[in-house]
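Colleague: The structure's right below; bear with me while I get my questions together.
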Amino acid sequence: MSTATTNLNIPIADWFDPAEAMRDPYPQYAQLRALGPVVYAPTVARVFITNHEAVSEAEHHPEIFSSYSETNLTMMRAIGGRPMLRKDDPEHAQERKAINPTLRPKAIKNIWSPKFQETVEYWLQRLIDIGPEHADINKDFAAPIASQNLIDLLGFPDTVDVTDMARWSIDFIAGTGNLLDDEDIWHRCDTSRQEVDLILDELLPSLRSNPNGSITSHLLEVGLPEEVVRANVKLSISGGMNEPQHMISNMVWALSKHPEQRELLLNGTAQWGPAFEETARWQSPIGMVPREVVQDTEFFGVRLEKGTNVGLLLASANRDPVAFDNADAFDITRTSGGHLGFGSGVHLCAGRWVAKNAIADHALPRLYEQLPNLQLDSKRPPVWDGWVFRGLTDLPVTW
Ligand code: HEM
77 MSTATTNLNI PIADWFDPAE AMRDPYPQYA QLRALGPVVY APTVARVFIT
127 NHEAVSEAEH HPEIFSSYSE TNLTMMRAIG GRPMLRKDDP EHAQERKAIN
177 PTLRPKAIKN IWSPKFQETV EYWLQRLIDI GPEHADINKD FAAPIASQNL
227 IDLLGFPDTV DVTDMARWSI DFIAGTGNLL DDEDIWHRCD TSRQEVDLIL
277 DELLPSLRSN PNGSITSHLL EVGLPEEVVR ANVKLSISGG MNEPQHMISN
327 MVWALSKHPE QRELLLNGTA QWGPAFEETA RWQSPIGMVP REVVQDTEFF
377 GVRLEKGTNV GLLLASANRD PVAFDNADAF DITRTSGGHL GFGSGVHLCA
427 GRWVAKNAIA DHALPRLYEQ LPNLQLDSKR PPVWDGWVFR GLTDLPVTW
């Protein structure tokens, strides 16, 4: 554990404005990093860990920065149970091990990649049919593709529409971020949870007798209690749709703003894989992940008491100039790796390979192959939203 004993007083960022962060968090992240690696933000009653070194350190010390919390309960309230993401090892490891086989390279190559390809072709044609006057990459391409891929990965039946999965995901995420206890959000979460539970009431018995390679099937196969299976299915619904959706839209936006880099991809000088990783670093879909301090500690010179609510600022760590040359620039040819867009340590995103395959091997290359002149529509502006979860809600395009 990296500690310095000289400064035990925590810097206070009383100016941190979550409403401003919703519009654009990056200027405030730079100010937070300038204050130090560990900073208290009274407006959100949270200690922020701000730079790359400190966030990595915290991620690798779950015995101090725990994912299990009795106070950070919004995710549990939203999905009606405690999933692996809100547990520590060894409980977490048992559940994580169960879903890994669905998301490994071999399963991706043999099962998911052909399905993802089919899904992209279908929605690409729909996008083209909508036409250059009205098309929106986020609504007409990224959302349905991310949604259908997740329906397949979870082994949900064909009767589930892409709009159902999208609605459930949006509601669970809104619930996870519902720190102000908005009743309307809880109501939407409850409705979505009931709808998912109804599907699972039929799906679980059928998967018990006929297992397949899906996430839900693998969770059942290792003999986890049914409420744990249900909680982790709903965790996958919250994380497995919104983030890949944002990544597709964020990549299109980033490449549209940097046509010279898009050209490198189109003429084969640069590769889609590194472009995907650079987008995850530069416009991270998950800006902050919560942890709770479970033993009094001294961290980078600051005393943190047991029970402190902590936010690991992944998106800020990803713009840390100590870790990345010219950190604020989007550069798909950069050689410095190690971004934290998928977290790190034991909770490192379980779906990162599957997301990379779906997006960097299928969605983006095919989109630009079919529509090489794709660009932002100057008549219809894009809209960004969020900082804990951040992405484009509207990305109108033309060609
Ligand atoms: C580009 C898209 C994605 C991004 C940026 C992303 C990001 C993340 C991050 C930052 C975490 C760590 C959270 C923490 O430490 O508190 C995480 C965990 C997780 N992600 Fe993803 N994710 C993506 C796609 C997916 C997909 C497609 C799935 C499933 C199909 C998925 C399933 C999960 C699961 C199950 C966890 C919890 C892992 C654990 O607790 O061990 N993610 N993701």
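First residue of the sequence shown: 77, per the working numbering; consecutive thereafter. Glycine included, each C-beta is placed from N, C-alpha and C at the ideal position.
#1: For residue 393 and residue 131, which I take to be in contact (beta-carbon distance under 8 angstroms), what is that distance rounded to the nearest angstrom?
#2: Nearest to residue 497 by alpha carbon, out of 468, 379 and 158?
#3: Can you list, in chain order, the residues of its chain whose CB lies under 6 angstroms from that of residue 142, leaving out five sequence neighbours each side?
#4: Given a cut-off of 8 angstroms on the beta-carbon distance, is the pair residue 262 and residue 251 in contact?
#5: Could you check what DSSP says for residue 408 in three-state terms: helix, strand or coil?
#6: Between the alpha carbons of residue 215 and residue 227, how many angstroms are there, rounded?
#7: How many angstroms separate the CA atom of residue 458 from the CA atom of residue 380?
#8: Give the straight-line distance between the Cα atoms of residue 197 and residue 354, rounded to the nearest whole angstrom.
#9: Could you pull out every residue in the same chain whose Cβ sits closer than 6 angstroms to the Cβ of residue 378, ignoring the five residues on either side in sequence?
#10: Report the option in 189, 135 and 376 whose CA atom is closest to the CA atom of residue 112.
#11: Give the secondary structure of residue 332 by DSSP, where H, G and I count as helix, E and B as strand, and everything else as coil.
#12: Which partner residues does residue 460 have in the DSSP bridge list?
#13: Do residue 293 and the ligand HEM come close, with the Cβ less than 7 angstroms from some heavy atom?
#14: Under the three-state reduction of DSSP, which class applies to residue 437: helix, strand or coil?
#15: Rounded to the nearest angstrom, how far is the Cβ of residue 356 from that of residue 418, given a contact under 8 angstroms?
#16: Per DSSP, what are the beta-bridge partners of residue 366 in this structure?
#17: How far does the beta strand (DSSP E) with residue 117 in it extend, from its first residue to its last?
#18: When you compare only the Cα positions, how much space is there between residue 200 and residue 234?
#19: Using a Cβ-Cβ cut-off of 8 angstroms (strictly less than) and excluding sequence neighbours within five positions of residue 295, which residues of its own chain qualify?
#20: Helix, strand or coil: which one does DSSP assign to residue 452?
#21: Does the distance from the C-beta atom of residue 272 to that of residue 313 stay below 8 angstroms?
#22: Is the beta carbon of residue 248 sitting closer than 8 angstroms to the one on residue 223?
#23: Measure the C-alpha to C-alpha separation of residue 238 and residue 438 and round it to an integer number of angstroms.
#24: How about residue 363 and residue 101: are their beta carbons less than 8 angstroms apart?
#25: Measuring only the C-alpha atoms, how far is residue 391 from residue 154?
#26: Taking only heavy atoms of the ligand HEM into account, decide whether any of them is closer than 7 angstroms to the Cβ of residue 365.
#27: Could you tell me if the beta carbon of residue 320 falls within a distance shorter than 7 angstroms of some heavy atom in the ligand HEM?
#28: In the DSSP assignment, find the unbroken alpha helix (DSSP H) run with residue 172 in it and report its ends.
#29: Tell me whether residue 315, by its Cβ, gets closer than 7 angstroms to a heavy atom of the ligand HEM.
#30: Spatial neighbours of residue 443 within its chain, please: C-beta separation below 6 angstroms, excluding the five flanking residues on both sides.
#31: Tell me which residue opens and which closes the beta strand (DSSP E) that residue 123 is part of.
#32: Which stretch, first to last residue, makes up the beta strand (DSSP E) that contains residue 298?
#33: Decide if residue 149 is buried, meaning its Cβ has at least 16 other Cβ atoms within 10 Å, or exposed.
#34: To the nearest angstrom, report how far apart residue 167 and residue 160 are at their CA atoms.
#35: May I ask you to list the residues that DSSP assigns as paired with residue 345?
Modeller: So, from the data block:
#1: That belief holds up - the Cβ atoms of residue 393 and residue 131 are roughly 4 angstroms apart, short of 8 angstroms.
#2: For the chain, the structure presents residues 77 to 475; residue 497 sits outside this window and is missing.
#3: The residues are 164, 368 and 370.
#4: Going by beta carbons, residue 262 and residue 251 fall inside the 8 angstroms limit.
#5: Look at residue 408 here: in three-state DSSP terms it is coil, with no helix or strand label.
#6: If you take the alpha carbons of residue 215 and residue 227, they lie about 17 angstroms apart.
#7: So the two alpha carbons sit approximately 40 angstroms from each other.
#8: The straight-line gap from Cα to Cα measures roughly 25 angstroms.
#9: The answer, listed in chain order, is 86 and 114.
#10: Checking every option, the nearest Cα to that of residue 112 belongs to 376.
#11: Helix, per DSSP.
#12: Its beta-bridge partners are 468.
#13: No, the beta carbon of residue 293 sits no closer than 7 angstroms to any heavy atom of the ligand HEM.
#14: Looking at residue 437 - three-state DSSP - the assignment turns out to be helix.
#15: Right, their Cβ atoms sit about 7 angstroms apart.
#16: Beta-bridge pairing by DSSP links residue 366 to 387.
#17: 114 to 117 is the extent of the beta strand (DSSP E) around residue 117.
#18: A straight line joining the alpha-carbon of residue 200 with that of residue 234 spans about 20 angstroms.
#19: Listed in chain order, the non-local C-beta contacts of residue 295 below 8 angstroms within the same chain comprise 171, 174, 175, 304, 305, 308 and 309, local neighbours out to five positions each way being set aside.
#20: Secondary structure at residue 452: strand, using DSSP grouped into helix, strand and coil.
#21: Contact: yes.
#22: No, the pair does not count as a contact, with Cβ atoms beyond the cut-off.
#23: One alpha carbon belongs to residue 238, the other to residue 438, and they sit about 18 angstroms apart.
#24: Contact: yes.
#25: Roughly 24 angstroms separates the two Cα atoms.
#26: Residue 365 Cβ: within cutoff of the ligand HEM.
#27: Yes, since a heavy atom of the ligand HEM falls inside the 7 angstroms radius drawn around the Cβ of residue 320.
#28: Counting along the chain, the alpha helix (DSSP H) containing residue 172 begins and ends at 167 to 179.
#29: Indeed, a heavy atom of the ligand HEM lies less than 7 angstroms from the Cβ.
#30: Closer than 6 angstroms at the Cβ level, and outside the excluded window around residue 443, lies no residue.
#31: Per DSSP, residue 123 belongs to the beta strand (DSSP E) from 122 to 125.
#32: For residue 298, there is no enclosing beta strand (DSSP E), as DSSP gives it neither H nor E.
#33: The residue in question, residue 149, is exposed, as its Cβ has fewer than 16 Cβ neighbours within 10 Å.
#34: Residue 167 and residue 160: Cα-Cα distance of roughly 8 angstroms.
#35: DSSP output for residue 345 lists no bridge partner at all.
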